[in-house]
Each structure stands twice: as C-alpha cells, then as structure tokens.
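**Q** A single structure is presented below for examination.
In the working numbering, the protein residues as written are 97 to 526.
Here you go:
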C-alpha cells in the first residue's frame, strides 16, 4: 500500500453516522479541530435507522438547524398502534409530550447526514474524509496511548490522522474496537442476547391506507410497519437464527404472511420481487463494561449495541455525542493531553451509562415478555391487559411516548456550540 500524507487534528472521529457527524459539528463549533473518517463514498444505504426523535429535534433546533430539517423529506408520526387478534389498540401518543416536537420524524438517514455534513463543513476546523476506511490505531509506543488512526483511502494510499483523542462512532462492528483487541487492549464486553432478528423490506403505500406507526401481531408472527408516505418501511420480526428457515419457505410464504397481518396490502406485496429486496438485521444487545482506553472513546453502538425495539438506538447515540461534546470541548481547547482527558472520559461513561443501562433493561424486558412469547405463539395473540389499559386511559400512552421520544436522560447542547449571531438562531418549529 502506498503511503499518503498525514493529517493532524485535536479529535479524530471514526464513522460519519448521526452521532459521529453531530459530534464533529458540535466540536468544530466549539473551536476544536475535528477530522471525521467515513469508509463509504456517500450515505446512500437503505434500512438504516431513520427515526429522528423529539429530543434529537431539540438538539438540531439548538444548533439553529430547524429550517434545514424542515426542508428534508420527512414524515411525522404521532401515534403507535398495535393490532392483535381482538382489535387495534393505541399504545403510544407523542402528542401528549410537552416538547417542541410532539412526534417522531421518519427521515431518510442519508438526507439527515448530508445536512449535518454540510453544516459542519461551514467551519474551518472540520474535515470530512469520505472513502477512508480506518484499518488500525496509531500508538507511539507498545504500551502508550493511541495517537490517531491509520486509514486506507479509495486509491489504496495509507493515510495517518494523528489526534489527541480518537472517538469511535462506527457502530457495533467498530473497527476501532477491533484495533484495540489486536493491540491487546480489548475492552470487556457484556452480551445480553436477543430472541429475534429482523427482515426489512418496502411495500407501496396507498393514500387510503392507515396512517402512522403500527405493530401487527399474529400467531408466531410480528410485523412492524412504518408510514413513510409513499411506502411502508416494513420490519418482519423472526426468531433468532430463523433467517434460513424463512428463505427455505420461500418468498411466497413471506408475502402470504404480510397479507395475513395487513390484508390491505394484497396486490402490492409483489413489490418484494426477490431476496435482494429483503435486508437482514442481526439483532444484538451488548454493552462494553468500559467505554474508553488511553486516547480512545467509544460512543453509540460501538459502546452499547441496542435492539431495534423502540427505534431508540440513534437517539441514544446522538445524546452520547452531545454529552461528549459538552464535557470534552473545554479541555480540548485548553490543550489537554491523554492524562487530563482520561478522567473526563470516565465521567462521560458514568453519566451515559445510566440511560444506556435503563434503556437496554426496558428493551430486554420487551424482548422477553412481549416479542419472545409472540414469536413462540401457535394461536392468535390477544392484547395483554397493559395494552388494553393504555388504549383506555390516554394519559398512560404518554409514558411509552416519553421513553421512546425523549429518553431517560436527554442532553443539552453546550453554549459554545450554539449559534453565535441572531441570524443563525432559528426559532423552534411548532
């Protein structure tokens, strides 16, 4: 591999997902030099997490980006319903939240990421390197702290990015985490398991279809349908390691299941023409016991892989990014090195461990108490008493809405990263 030029930054962020780009934007606005590396040339990948929660929208408002968000092709969903053998019940109502945005915005993630990249690119301290795949960490000594990363550019050149801190925001298969393992600095991982995996696909949506976000529950079957305006983003929840059995049964069996759970889709399931139209998500729930190593911090799924239950993984990662920027910006501006940053990283983990543990506990409860029994059922499933109660008492529907839409510990944008002029301040959208 041909060697290429080196680069220097205060912080090197690995992974240009929502958390990585938002952290880069927040730090650049705070006067910190940031380089973000993304292994792909663009953000155009389907069935990524497309949920933008009320607390994330609050963060974007605080950054003066509300007008830019409003220009993106989003779909507002204000209610979650669940359909059982004995009827359809309302289980979450986001309009009951006392927040600026009482809804979940379903937005193609590539549009959100391009917007964040453009906003961050307006600051001279921000650099985004696309088509740069991180392959290793840099160490000045065998037992010394990380001093940056090694990346492979699109043309095969070896690029070094030296930084006082590397932040891994590159997901559950984090290259940074793997590099720590190779260097003998692997961080202990606690795995919780999950009873399900997910198949994702699209089905056309017609104007007369029901609206919103819904779960369709049958005997041993669970379908999650996300209203994206002109199509349904559909998640078919399957038993863990059940992918090959589903494929062996054939596409006709999959289409028949969709029609059984959502009869109005008859005549449209042919849009799932072959298995290339179906994406597979292996569900994992795990958490590092320690989220940092000298010179390295892990956030989002790199530190704690979340189940798709509630679609809260992105929101949790975004809140990680906001907290990290608030706690790290000042010491980084002051020139802090590894010794000074290490206790800050430990404080960050202590703060963000609380909502992470709580959220994963709720997800595991839902998996064991609701999803697992549903997938094992051999008769039509009737609505549990708790679901009936939420449908009957509107105020109860605000609790799951808050857990999903706001989270257990929403974070605030640091003052140094807020717009500095009146023209930059965008009023919160209603």
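Quick reminder that beta carbons are idealized off the backbone N, C-alpha and C, glycines included. Just so you know, these numbers come straight off a predicted model, no measurement behind them.
1) Quick check on the burial criterion: 16 or more other C-beta atoms within 10 angstroms. Buried or exposed for residue 324?
2) Distance check for residue 216 and residue 312, CA to CA, integer angstroms please.
3) Quick one: using the 10 Å Cβ neighbour count with 16 as the cut-off for buried, is residue 136 buried or exposed?
4) Given 8 Å as the limit, is there contact between the segment 292 to 308 and the segment 240 to 256, that is, 3 or more CB pairs closer than that?
5) Along the chain, where does the alpha helix (DSSP H) that runs through residue 156 open and close?
6) Does the pairing of the segment 499 to 512 with the segment 188 to 197 give three or more beta-carbon distances under 8 Å?
7) To the nearest angstrom, how far is it from the Cα of residue 398 to the Cα of residue 408?
8) Any idea what DSSP makes of residue 518, helix, strand or coil?
9) Which same chain residues, not among the five before or five after residue 226, have their C-beta less than 6 Å away from its C-beta?
10) Just list the residues that DSSP pairs residue 189 with in beta bridges.
11) Between residue 113 and residue 266, is the Cβ-Cβ spacing less than 9 Å?
12) Which partner residues does residue 500 have in the DSSP bridge list?
13) In chain order, what residues of the same chain lie with their CB nearer than 7 Å to the CB of residue 155, ignoring the 5 residues before and after it?
14) Measure the alpha-carbon distance for residue 203 versus residue 237 and round it to whole angstroms.
15) Quick check: what's the CA-CA separation for residue 480 versus residue 286?
16) Tell me, please, which residues DSSP counts as bridged to residue 244.
17) Go ahead and pull the three-state DSSP assignment for residue 506.
18) Restricting to Cα atoms, I'd like to know which of 180, 127, 261 is closest to residue 220.
19) Does the Cβ of residue 175 have 16 or more other Cβ atoms within 10 Å, making it buried, or fewer, making it exposed?
20) Below 8 Å on the Cβ atoms is my guess for residue 474 versus residue 316; work out the distance and round it to an integer in Å.
21) Please report the straight-line C-alpha distance between residue 150 and residue 239, rounded to a whole angstrom.
22) What does a CB cutoff of less than 7 Å around residue 355 pick up in its chain, not counting 5 residues either side in sequence?
23) Between the Cα of residue 224 and those of 103, 515, 358, 435, spot the shortest distance and give me the residue it belongs to.
24) Going along the chain, which residues of its own chain have a beta-carbon closer than 6 Å to the beta-carbon of residue 393, five neighbours each way excluded?
25) Within 10 angstroms of its Cβ, does residue 79 collect 16 or more other Cβ (buried), or is it exposed?
26) Under a Cβ-count criterion, where at least 16 other Cβ atoms within 10 Å of its own Cβ denotes burial, should residue 461 be classed as buried or exposed?
27) If you count every other CB in all the chains shown that lies within 10 Å of the CB of residue 271, and 16 or more means buried, which is it?
28) Restricting to Cα atoms, I'd like to know which of 368, 276, 391, 222 is closest to residue 261.
29) Indicate whether residue 358 and residue 319 have their beta-carbon atoms separated by less than 9 Å.
**A** According to the data block:
1) buried
2) 40 Å
3) exposed
4) no
5) 150 to 158
6) yes
7) 15 Å
8) Annotation note: pLDDT 39 at residue 518 (below 50); position unreliable, coordinate value reported separately. Helix, per DSSP.
9) 134, 137
10) 175
11) yes
12) BP columns for residue 500 are empty, so no partner.
13) 414, 418, 509
14) 44 Å
15) 31 Å
16) 234, 258
17) coil
18) 127
19) buried
20) 6 Å
21) 43 Å
22) 361, 362, 365
23) 103
24) 263, 441
25) The shown model of the chain, from 97 to 526, leaves out residue 79, and the question about it has no answer.
26) exposed
27) buried
28) 391
29) yes
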